[in-house]
Structures are given as structure tokens and as C-alpha cells.
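Report on the structure given below.
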Amino acid sequence: MPVGISCHDIIFKSCFYFCYSHIVRMFDILYVYSFMYKENYMDVNLSAVVVAGLVGFVIGFFWYIPQLFGRQWMKAVGMSEKDMSKEGMGSKIGIALVATLLVSYVLSHVITGAILWKGNAVGSVDPVMTGVLAGFWVWLGFLATSLVDPVLWEHKPWKLWMINAGQWLVRLVAMGAILGAWR
Numbered sequence: 000m001p002v003g004i005s006c007h008d009i010i011f012k013s014c015f016y017f018c019y020s021h022i023v024r025m026f027d028i029l030y031v032y033s034f035m036y037k038e039n040y041m042d043v044n045l046s047a048v049v050v051a052g053l054v055g056f057v058i059g060f061f062w063y064i065p066q067l068f069g070r071q072w073m074k075a076v077g078m079s080e081k082d083m084s085k086e087g088m089g090s091k092i093g094i095a096l097v098a099t100l101l102v103s104y105v106l107s108h109v110i111t112g113a114i115l116w117k118g119n120a121v122g123s124v125d126p127v128m129t130g131v132l133a134g135f136w137v138w139l140g141f142l143a144t145s146l147v148d149p150v151l152w153e154h155k156p157w158k159l160w161m162i163n164a165g166q167w168l169v170r171l172v173a174m175g176a177i178l179g180a181w182r
């Protein structure tokens, strides 16, 4: 054995190269498979995702302006207009935009799956209505129910739930209609 190389080094390097080569080979096979047998389920219209995400973001923005529900929301969460004008709001708005775009992307996959499933089961499908219903069911199953927790456990008012849940309902239904129509 050469000087400076231990049995531990040889065993470690052998195991490392063995695992590395098999992992690389596995990803090569998956990469080739994904192009040979591409399924329609993964096809989403990224332009529609961006437009729906921007529309959802604008809905959320206008929902919370003081003339609509902003004052009621600030009262329910215990914030003042002075708190709203603090620095750092720009980065929060940027994060909210990215989050809304991600919601739009995931909703697009849900709608695509629903259209494929319903088209195979029934034979014909209305993509706009499928998008609207997907938005509604995602809202009911995930958002409306999750937004109840702060009311129950953090002693927030039900009015806060109505404002936030209503905003998400309008947002998801509008995004679903856009994603369903723009296939």
C-alpha cells in the first residue's frame, strides 16, 4: 500500500465512486425516459401560469386596500397604517408575488390532471369550468380549512377568516378560469 493512503481511504473512495456511478447512471436513465415517454400531464402553459399568477397577485393587492377590506383586516390583525408603511414591505410584496406564481403553477398541474382525467372518463370537458371548479375545490380543501386554525388556536376573529378566505376564493377561481381557458 502506498505511503499516506489508509485502508479507510481506499474503502471510502471505492464506496463513493460505486455509489456515485450508480446514481449518475440512474439519473441518465430517468432523463432519457422523460424525453422518450413524455406525458401530457407535465405540460403546462407557462405564459398562462405567469398571467394567472399576476392576476391573482393583483386581486390580493386590491382586496386589502383600505377602501375595500384593508381597514377591517388591519383592525382584525391589530396593525395600524403606520405599521404598514414600515420599511421592508417591498421584500414582503416580492415574496408574495413569488408565492402567488407558485400557487398558479401548482394549480395549473391540478387543472391539467383534472382535464386529462375527466376527458378520459367522460369524453368531453369544459376546460374553463374545470379550472373554476379546481380553484374552488383547492380553496375549500386546503385554504379555507387551513385558515380556520388562527381563529381557533390564536384567538383571531372570524372576520379575519372571512376576509382572508374570501380573498383566496376569488383569487383561486379567477386563476383557475384563466389557466383552464388558456390551454
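Quick note on numbering: the sequence shown equals residues 0 to 182 in numbering that gives the first Met the number 0. Backbone N, C-alpha and C define an ideal beta-carbon position, used for all residues, glycine too. Everything numeric in this text was worked out from a predicted model, so none of it was measured.
#1: Nearest to Lys155 by alpha carbon, out of Lys74, Asn44, Trp181 and Leu45?
#2: Within 10 angstroms of its Cβ, does Thr111 collect 16 or more other Cβ (buried), or is it exposed?
#3: By the 10 Å Cβ neighbour count, where 16 or more other Cβ atoms means buried, how is Gln66 classified, buried or exposed?
#4: CA-CA distance, Arg182 and Pro126?
#5: Take every Cβ of the stretch 133-146, pair it with every Cβ of the stretch 84-99, and state whether three or more of those distances are shorter than 8 Å.
#6: Please tell me whether Tyr130 and Gly179 are closer than 8 Å, where the distance is taken between their beta carbons.
#7: Within 8 Å (strictly less), CB to CB, does Lys117 reach chain D?
#8: Return helix, strand or coil for Ile64, following the three-state DSSP convention.
#9: What do you get for Gly175, buried or exposed, if any count of 16 or more other CB atoms within 10 angstroms of its CB means buried?
#10: Please state if the CB of Gly59 and the CB of Gln166 are separated by a distance shorter than 8 Å.
By the coordinates alone:
#1: Lys155 has its Cα closest to that of Lys74, out of Lys74, Asn44, Trp181 and Leu45.
#2: Counting every other CB atom within 10 Å of its CB across the protein chains shown gives Thr111 a total of 16 or more, marking it as buried.
#3: With fewer than 16 other Cβ atoms inside 10 Å of its own Cβ, Gln66 counts as exposed.
#4: The alpha-carbon atoms of Arg182 and Pro126 are separated by roughly 8 Å.
#5: Segments in contact, no.
#6: As written in the sequence, residue 130 is Gly, which differs from the Tyr given in the question. Note that the C-beta distance between Gly130 and Gly179 is below 8 Å.
#7: In summary, chain D is missing from the structure at hand, where a single protein chain is found.
#8: Secondary structure of Ile64 (DSSP, three-state): coil.
#9: Classification for Gly175: buried.
#10: With contacts defined by Cβ atoms closer than 8 Å, Gln166 and Gly59 form a contacting pair.
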